[in-house]
Amino acid sequence: MATLTFKKISFFYTSNYEYLPKPAAFNGLPKTCYPIKLYWNLIGYKHNSKRMRPLIIYFSLAYLISWTIWFPLYSPALGIYGLPVLPFHHGIGGLGPLIASLITTYIIEKKNGVKKLSILLFKVKPLVYTLVALLSPFLLAVMASLIDFIVNKTPISLSGLFVAKEFPSFSFIQFFLYNLLFFGFGEEVGWRGFALPRLQSRFNALAASLILTVFWALWHWPLFLYRPGFMDMGISGTFGWFFSLLTGSILLTWLYNSSKASILVCAIFHSTVDIAFLADFTNKNIINYMGVLITIWGIATIFLFKPRHLASTERIKK
8 MATLTFKKIS FFYTSNYEYL PKPAAFNGLP KTCYPIKLYW NLIGYKHNSK
58 RMRPLIIYFS LAYLISWTIW FPLYSPALGI YGLPVLPFHH GIGGLGPLIA
108 SLITTYIIEK KNGVKKLSIL LFKVKPLVYT LVALLSPFLL AVMASLIDFI
158 VNKTPISLSG LFVAKEFPSF SFIQFFLYNL LFFGFGEEVG WRGFALPRLQ
208 SRFNALAASL ILTVFWALWH WPLFLYRPGF MDMGISGTFG WFFSLLTGSI
258 LLTWLYNSSK ASILVCAIFH STVDIAFLAD FTNKNIINYM GVLITIWGIA
308 TIFLFKPRHL ASTERIKK
């Protein structure tokens, strides 16, 4: 390995002539150069652009697939009416990130890459993180109900926790499986299984979580045109929603890294969080307290496990 120095900017190159920037090379430069440093970290030379290419393909496909599937649902907001809507149409659109990740993985790594990604769908061990993913959102609901009882003297009632407002005829198991398929696996194979380890190879775990949250939030934009709860959210509500998405992203990164890249753990957590926060509680204070509790959990995760890895072990890189 040799070193080249041009004034204050240094590079070292590997035997395959892929140039890598040294972060320390930018030390001492004026603050006005920070955008250059950020751009360099995102794009860089040949090495970095090759690393970013799969992410560009993946995000583009995830948006294209989901937004196209959802089009009949949000087309009335654009003045286009009469397009056919399928049963579970919204859920089918949630499969976009999954389909995009499989296509992109096949393009880059062929069948072997798809096989490796698929194995992570059924990775249960370490079992403790599977249990955390399965039970913690419901524990938050219990804690929120207790807080509401202490603060407001409201009788404790969790009956709405097992009732789906969107599908009232569904049993709890049916609603869980619906969420697990369409939004658990549908999203997490892509966001965490494909995108996160590639972002973590370039950024620390916290920065990767923040960057991924931006792309994840953008993916949701059609929902603001047709989904109840999104349509009347307003600017302040949208900022609150984005912050909750960021909190969820941090916790999902912690689970992903701690479970050694288990997509199953992330999919279960995504599903149970959705179920808990979309539960048909008559007392809306419970949802508010749950939001506070999960935010505290996310912040505590950063302080306990540190931004570099957001886990007690090395972050997963690709």
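Throughout, this note's numbering is defined as the position within the sequence shown, counted from one, plus 7.
Glycine is no exception: its CB is placed at the ideal position from the N, C-alpha and C atoms.
Just so it is clear, the structure is predicted and the values come from calculations on it, not from any experiment.
The residues S164, G167, in chain order, have a CB closer than 8 Å to that of T289 in the same chain once the five nearest residues on each side in sequence are set aside.
Around K130, the same chain offers S266, K267, A268, S269, I270, L271, V272 as residues with beta carbons nearer than 8 Å, after the five sequence neighbours per side are excluded.
A straight-line Cα-Cα distance of about 39 Å links P175 and R205. R315: member of the alpha helix (DSSP H) spanning 292–316, first to last residue.
The straight-line gap separating the alpha-carbon atoms of L141 and Y70 is approximately 28 Å. Residue nearest to F189 within the set L311, F145, G89, H97 is H97 (criterion: CA-CA distance). Taking a C-beta distance under 8 Å as the contact criterion, S108 and Y65 qualify as a contact pair. R205: member of the alpha helix (DSSP H) spanning 203–207, first to last residue. Boundaries of the alpha helix (DSSP H) harbouring K118: 103–126, taken from the DSSP string. When the Cα atoms are used, M297 and P133 turn out to be separated by approximately 26 Å. Rounded to the nearest whole angstrom, the C-alpha separation of L102 and Y185 is 12 Å.
Under the 8 Å Cβ criterion, the region 218–228 counts as touching the region 246–261, having at least three qualifying pairs.
About 6 Å separates the beta carbon of Y263 from that of I323, a gap short enough to meet the 8 Å contact definition. By DSSP's assignment, A286 forms a beta bridge with A171. L300 and K117 have their C-alpha atoms spaced approximately 42 Å apart. Straight across, the Cα-Cα distance linking I114 with L127 is about 19 Å.
Close CB contacts of P91 within its chain, under the 7 Å cut and outside five residues either way in sequence, are with P79 (chain order). In this structure, DSSP gives H227 a state outside helix and strand, which the three-state scheme calls coil.
Annotated as distal: L68 and G193, with beta-carbon spacing of 8 Å or more. Scanning K313, K291, L203 for the CA closest to the CA of S152 turns up K291.
Straight through space, the alpha carbons of S82 and G241 are spaced by roughly 20 Å.
Closest in alpha carbon position to T308, among T260, H277, I275, N295, is T260. Considering only A283, S278, N211, P235, the residue with the shortest C-alpha distance to A318 is N211.
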